[in-house]
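Undergrad: My numbering applies: residue 7 is where the sequence shown begins, and numbers increase by one. Backbone N, C-alpha and C define an ideal beta-carbon position, used for all residues, glycine too. Bear in mind the structure is a predicted one, so any value in this text is a computation, not a measurement.
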Amino acid sequence: MARMRIRLDPWPVDIQGGQLTLKAFGGTLDDVETPRWAAIPARPIPERLKQVFVVDGKRRMESRIFIEDTHGQSGLGGFGAYVVGAVELCPHGTRQAELLAVKAQRLLAHAPNLLVEPAQLTPRNPHTGQLEYAPAPMQGHDPLAALNTLQQHMLSAEQRLSHELASRVPLDETDDREWLTALTIQDGTLRGQNLNGAVVGCVKTMETMYLPADRAGLLSDLKPGERTPILRMTYEGGQFTRLIWYVRLSEAAFYQHPMSGVMRLEMFAPDDTDFLPPIVRQVANLSGTLLTRLGSRAHKDPRAPQNLIPTAALEQAMNRSMGSADLVTRRIRAHIAATFGREAVA
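1. Buried or exposed for Pro-283, please, with buried defined as at least 16 other CB atoms from any protein chain shown within 10 angstroms of its CB.
2. Over the uninterrupted alpha helix (DSSP H) stretch that includes Arg-326, give me the two end residues.
3. Which two residues bound the contiguous alpha helix (DSSP H) that contains Ala-151?
4. Just mark Met-239 as buried or exposed, buried being the case when its beta carbon has 16 or more other beta carbons within 10 Å.
5. Among the candidates Asp-37, Gly-63, Val-93 and Pro-50, whose CA atom is the shortest distance from the CA of Asn-4?
6. Please report the straight-line C-alpha distance between Asp-277 and Leu-137, rounded to a whole angstrom.
7. What is the rounded straight-line gap between the Cα of Met-328 and the Cα of Gln-79?
8. Just mark Gly-243 as buried or exposed, buried being the case when its beta carbon has 16 or more other beta carbons within 10 Å.
9. Ignore the nearest five residues each way along the sequence and tell me which others in Leu-225's own chain have a CB closer than 6 angstroms to its CB.
10. Check for me: the alpha helix (DSSP H) holding Pro-230 runs from which residue to which?
11. In whole angstroms, give me the CA-to-CA distance for Gly-83 and Glu-74.
12. Taking the continuous alpha helix (DSSP H) assigned at Ala-258, which residues delimit it?
13. Would you decide whether His-147 is buried or exposed? Buried here means 16 or more other CB atoms lie within 10 Å of its CB.
14. Are the Cβ atoms of Ile-236 and Val-60 separated by less than 7 angstroms?
15. Going straight from the alpha carbon of Leu-249 to that of Leu-28, what length do you get?
16. Let me confirm a value: Gly-294 is counted as buried when at least 16 other C-beta atoms fall within 10 Å, else exposed. Which label applies?
17. List the residues that DSSP assigns as beta-bridge partners of Val-268.
18. Kindly give me the distance between the Cβ atoms of Ala-87 and Leu-114, rounded to whole angstroms, as I take these residues to be in contact under 8 angstroms.
19. Quick one, are the C-beta atoms of Arg-65 and Gln-157 less than 7 angstroms apart?
20. Quick one: give me the first and last residue of the alpha helix (DSSP H) that Asp-332 is part of.
21. Verify whether the separation of the beta carbon atoms of Leu-186 and Ser-168 is less than 7 angstroms.
22. Which residues mark the beginning and the end of the beta strand (DSSP E) in which Gln-57 is found?
23. Suppose you measure from the CA of Ala-125 to the CA of Val-38; what does that come to, to the nearest Å?
24. Determine the extent of the beta strand (DSSP E) in which Thr-214 is found, giving its start and end residues.
25. Who are the near neighbours of Thr-155 in its chain, counting only those whose CB is closer than 6 angstroms to its CB and skipping five residues on each side?
26. Measuring alpha carbon to alpha carbon, tell me which residue in Leu-55, Ala-188 and Ala-222 is nearest Ala-44.
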């Protein structure tokens, strides 16, 4: 008689949703690399790949506000900050990692049709720096519109940086086939439009099971560094298309779900449904070797191994760039008090 078995979701309970929620997928999947569904071993990182960039972004709402402009119009808004940055790595380990472009940007999100001027918060102590909030009109008037505006600005900046750093991906068979010399690893799923860079999205949380039941079993059988074949994934309704594959970063402990340590990778798909860009295959082939090196360790990071070591370092740098949330909030209150004749709330 079969016995009930319980296994653990590998991530801590305070991480919303956990790692393995596994909702059903309503889109379509097509083979583009091979019809043979079997593990593909990791391959060495080619010498011509000289740069790997890990890009991430972070945003923070600092104060929700109510605005009245000089024309008598009013609406909601918010002070917020976001930062996008990169870590440059040598994939061959011949030089130290370097932080790039980690600088906070600040927005004064406001209801549409309001006339809003930039807000400059000058500190009493000049060493703490001036905070400048650029006006950014929101889409809509609901309470989350300011946060959504901040999120969209962050994602756009992240998208631009990711593609600017990476090699160009050919769009079709007639396009010049550029060698993969610079690769960008982007934390999370790909967003926005394809800007034609060699950018791979690393999705560390499995919220949806994209594979059918007869293929999902391969994920549990993958060994560290191995990957699945590349698939063309089209979301329900045909709005988004991606090239995806799965790679295992580490073995699952006996008490964990057998898909623990597996990450989904994705790149933008060309319009030609039969064309697999050579660079995408190159990225897939080296992904297991590269990511097993960059994967975090459980005793240091509760989201190990999927939360890559460079990503964790970048998150710390981005937090420093935005500054103390408490101090920024006090400066916003002091600015409002000085500008509009109200005493700052202590």
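TA: The relevant details are as follows:
1. buried
2. 315 to 328
3. 151 to 171
4. buried
5. Because the chain in this structure spans residues 7 to 352, residue 4 falls outside the shown range and cannot be described.
6. 43 angstroms
7. 31 angstroms
8. exposed
9. Tyr-252, Met-265 and Val-268
10. Premise fails: Pro-230 is in no alpha helix (DSSP H) and is neither H nor E.
11. 10 angstroms
12. Unbroken run through Ala-258: none, as it is neither H nor E.
13. exposed
14. no
15. 19 angstroms
16. buried
17. Arg-254
18. Contact flag wrong, Cβ pair sits at about 11 angstroms.
19. yes
20. 331 to 346
21. no
22. 57 to 74
23. 51 angstroms
24. 212 to 215
25. Ala-115, Ala-142 and Met-144
26. Ala-222
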